[in-house]
Each structure stands twice: as structure tokens, then as C-alpha cells.
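Chemist: My numbering numbers the first residue of the sequence shown as 1 and each following residue consecutively. Glycine included, each C-beta is placed from N, C-alpha and C at the ideal position. Nothing here was measured: the structure is a model prediction, and the numbers come from that model.
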Amino acid sequence: MLRYEECKSDEPVIYNLTLEQLKLSNKLKKLCDTFRLNTYKTISHYKDDIEPMVKTLRILSKDTPIYISSGDKGRAVVILDKADFITKIESTLNDTKTFKERKIDPTSKKEDILQEKLLKLNKSGFISDVEYRYARPVGSQPGKAYGLPKIHTKDLPLGPIIDL
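1) Whether or not the segment 80-90 and the segment 101-116 are in contact is what I'm after, with contact meaning three or more pairs of Cβ atoms, one per stretch, closer than 8 Å; do they touch?
2) Measuring alpha carbon to alpha carbon, tell me which of P12, K29, D163 ends up nearest P142.
3) What is the rounded straight-line gap between the Cα of L148 and the Cα of E116?
4) Using DSSP with H/G/I as helix, E/B as strand and the rest coil, what is K8?
5) Using DSSP with H/G/I as helix, E/B as strand and the rest coil, what is L17?
6) Using 8 Å for Cβ pairs, my map puts T64 next to K82. What's the rounded Cβ distance?
7) Using the rule of at least 16 other Cβ atoms within 10 Å of the residue's Cβ for burial, across every protein chain shown, is L156 buried or exposed?
8) In the structure shown, what three-state DSSP assignment does P157 receive?
9) Kindly give me the distance between the Cβ atoms of S91 and L80, rounded to whole angstroms, as I take these residues to be in contact under 8 Å.
10) Whole angstroms is fine: what's the gap from I127's alpha carbon to K120's?
11) Here's the rule I'm using: 16 or more other beta-carbon atoms within 10 Å means buried, otherwise exposed. How should M1 be labelled?
12) Which of the three DSSP states is assigned to A145 in this structure?
13) Whole beta strand (DSSP E) runs in the segment 30-111 with 3 or more residues, listed along the chain?
14) Leaving out five residues before and five after E131 in sequence, what residues of the same chain have Cβ atoms less than 8 Å from its Cβ?
15) Between the alpha carbons of N16 and D33, how many angstroms are there, rounded?
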């Protein structure tokens, strides 16, 4: 079993590696250095192209009739008419085969039930105070629904996402 000890910063570190391990570690270091260099070059090359696009998207996002979103696949940016987006998301969420409207939000009630069960487990000694505080839910919120445009299909339908 290997054990690691804390040593002084000026103390030399002695590695007990075989010749094969040294060769492989040297290859790995060179590979990492090459990857780092190529990544830096690529980012530096495209930096001048990206900044104006980001600035333009920020300006467009402040335009109220426009909705900017990422696509469902890849790293695409989709710009939609906001009224069209709202119509599409409402029609998706109003589909009774997929979604059911709730009159009352059950989130806080479920949170209360879980808190009671955890408190009983804590009082009986089954879980510690630390475990109780760690597992006890506070301020639970229901999932937020939104849609991502399906960029590879006609008319850009929205794929529903429930963010929990």
C-alpha cells in the first residue's frame, strides 16, 4: 500500500518509476502539452470572430419580439419570433396526452411529508443530526418547463424540457 506524506516545498521529490513508466509519462506529458498548445491556438484564432457575434446576440436578446435559444442538438443558436415561440410552447404544454395540468402545486406538501419522515428517523436515532440537516429539503420548487427548438426538423417544433 502506498502512503503519501506532506513534505516541505523545497524538499526534492523522489519517484520510484521504472524506465518504461518514465517513457510513458514523458509521452503523456508531451501529448498534454501538444493538446494544450493546439487548444490555445484554436481559441486565439476564433476569438476575434466570436466577440462580435456575442455582442450582436446580447443586443438582439434585448429586442423584445425576439427569443434566442440554443438548439436541441449541437451548439446552435436559434433566433425565433417570440410570439411564435410562445404559441409553440403553449401548444406543447397543452397536449393532454403528454402533460396534465395541476390545480394545486404538490411540491410543498411533499416536502413537508419528507421532512416529517426524516425528523422521525432522526428522533429514533436512525440518522444523525448532521445527516438530518443534510437530507432535509428546504425551499423546494416545482420543475420549470421550457422548449428547445428541434433544429433538424421542419418548422422548428419545440422539444419540451422539464428542468428539475
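Modeler: On the basis of the data shown:
1) no
2) D163
3) 38 Å
4) coil
5) coil
6) 7 Å
7) buried
8) coil
9) Not confirmed; about 14 Å, so no contact.
10) 9 Å
11) Confidence in M1 is poor, its pLDDT being 47 and thus under 50, which makes the residue's placement too unreliable to answer from.
12) strand
13) 66-70, 77-81
14) N122
15) 24 Å
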